[in-house]
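S.K.: There's a structure below that I have some questions on.
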Amino acid sequence: MAHEVLVLQGVHAHYGRSHVLHGIDLTLGRGRLLALLGRNGAGKSTTMLTIAGLLKASAGRIALGGRAIETLVPEAIARGGLRLCPQGRRVFASLSVQENLNVAAQRRPGPRPWTSERVYELFPLLKPRVRQRAGTLSGGEQQMLAIGRALMGNPEVLLLDEPSEGLAPLIVHEVAEGIARLKQEGLSIILVEQNFALAMRLADDVVVLNTGAIVMQGSGDQVRANPESATRHLGVF
Ligand SMILES: Nc1ncnc2c1ncn2[C@@H]1O[C@H](COP(=O)(O)OP(=O)(O)O)[C@@H](O)[C@H]1O
Ligand SMILES: [Mg+2]
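Using numbering that gives the first Met the number 0, you'd call the opening residue of the sequence shown number 0 and step up by one each time.
Here is the structure:
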């Protein structure tokens with residue numbers, strides 16, 4: 000169906016002989032934000048890496064905009080309109096903020112291409128840092144830059160792996176505001192989060208993983224009405 004932008008069917012993944020994902024089925028609707036939750040080690044990052052093609056699915060199908068991508072290299076998947084902002088906010092430490100954005104740019108057809116100016120509008124805290132080396136930024140600024148780098152690829156689908164990890168509450172708020180704006184602009188997003196409250200502020204849909212399998216899925220409204228349905232799988236909050 001046209002409103003499904005990303006579909007996983009029976010996806011398995013291994014690290015060597017270690018079988019980590021055990022048949023993941025999930026659907027991301029166009030313009031929706033899906034919160035992917037689960038304890039440490041549940042397989043969230045592995046799911047993200049597998050979608051982005053950085054880890055090959057050992058079985059199953061992954062379709063982006065109706066097109067099979069499970070055999071494509073990461074660069075081809077990115078050209079197809081999907082970008083991953085990986086866990087641990089990777090930026091080029093020795094490059095400036097501006098250079099980090101420049102090297103991530105990729106033209107794709109679309110109504111409103113991303114520019115560094117638009118990234119600075121989204122995250123105004125980056126603006127005074129344009130010429131600063133990324134390695135000297137605060138954790139929160141690096142996270143904003145990492146998201147900005149993903150946006151410079153003009154994705155239709157954005158995968159965000161734990162964007163709030165290790166950030167001070169005020170900065171978490173800034174990052175969350177930015178993600179909310181991306182959603183308003185119609186980007187389709189999978190958000191991996193340990194911060195349950197943050198995820199639930201933004202989620203249209205919720206999927207909970209445990210040991211590489213889906214143990215709960217529902218709408219954001221269902222989980223907001225009955226948080227226990229999700230939190231019982233997540234450990235202590
Ligand atoms: N590079 C790797 N090599 C081997 N095992 C890994 C690797 N990365 C993660 N794992 C294992 O895969 C499982 C899922 O990890 P991960 O997807 O990172 O979980 P999460 O992101 O939910 O915390 C864990 O048991 C973890 O130890
Ligand atoms: Mg992870």
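Yeah, the Cβ is synthetic: ideal placement off N, Cα and C, and Gly gets one too.
(1) Thinking C-beta only, is Val118 closer than 8 Å to Gly147?
(2) Assign Asn99 to one of two classes, buried (16 or more other C-beta atoms within 10 Å of its C-beta) or exposed (fewer than that).
(3) Apart from the five residues just before and just after Pro108, which ones in its own chain have a Cβ nearer than 8 Å to its Cβ?
(4) Quick check on DSSP: helix, strand or coil for Val174?
(5) Does the pairing of the region 59–77 with the region 129–137 give three or more beta-carbon distances under 8 Å?
(6) How is Val90 classed by DSSP in three states: helix, strand or coil?
(7) Quick check: is any heavy atom of ligand 1 less than 7 Å from the C-beta of Leu39?
(8) Shortest alpha-carbon distance to Leu53 belongs to which of His2, Glu155, Leu81, Gly37?
(9) Could you tell me which of Arg31, Gly40, Pro73 sits nearest to Lys55, measuring between CA atoms?
(10) Given this structure, state the Cα-to-Cα distance separating Lys182 from Pro112, to the nearest angstrom.
(11) Does the distance from the C-beta atom of Gly238 to that of Leu157 stay below 8 Å?
(12) What span of residues does the alpha helix (DSSP H) with Leu125 cover, start to end?
M.R.: Taking the coordinates as given:
(1) For this step, residue 147 is matched to residue 148 along the sequence shown. For this step, residue 118 is matched to residue 119 along the sequence shown. Yes, they are a contact pair.
(2) Indexing the sequence shown from 1 puts residue 99 at position 100. The residue in question, Asn99, is buried, as its Cβ has 16 or more Cβ neighbours within 10 Å.
(3) Counting from one through the sequence shown, the residue named residue 108 turns up at place 109. Nothing listed; no residue qualifies.
(4) Here the question's residue 174 lines up with position 175 in the sequence shown. It is helical.
(5) Short answer: they don't touch.
(6) The sequence position of residue 90 within the sequence shown is 91, counting from 1. In the structure shown, Val90 sits in coil (DSSP, three-state: anything other than H, G, I, E or B).
(7) Along the sequence shown, read from residue 1 onward, the residue named residue 39 stands at position 40. Before going on, a small fix: residue 39 reads as Asn here, not Leu. Indeed, a heavy atom of ligand 1 lies less than 7 Å from the Cβ.
(8) Numbered from its first residue, the sequence shown carries residue 53 at position 54. The shortest CA-to-CA distance from Leu53 to any of His2, Glu155, Leu81, Gly37 is the one to Leu81.
(9) Residue numbering aside, residue 55 sits at position 56 when the sequence shown is read from its first letter. Lys55 has its Cα closest to that of Pro73, out of Arg31, Gly40, Pro73.
(10) Here residue 182 refers to the residue found at position 183 when the sequence shown is read from its first residue. Here residue 112 refers to the residue found at position 113 when the sequence shown is read from its first residue. When rounded, the separation of the alpha-carbon atoms in Lys182 and Pro112 is 16 Å.
(11) Absent from the structure is residue 238, since the part of the chain shown begins at 0 and ends at 236.
(12) Position 126 of the sequence shown, counted from the start, is the residue given in the question as residue 125. Careful: Leu125 lies outside any alpha helix (DSSP H) and carries neither H nor E.
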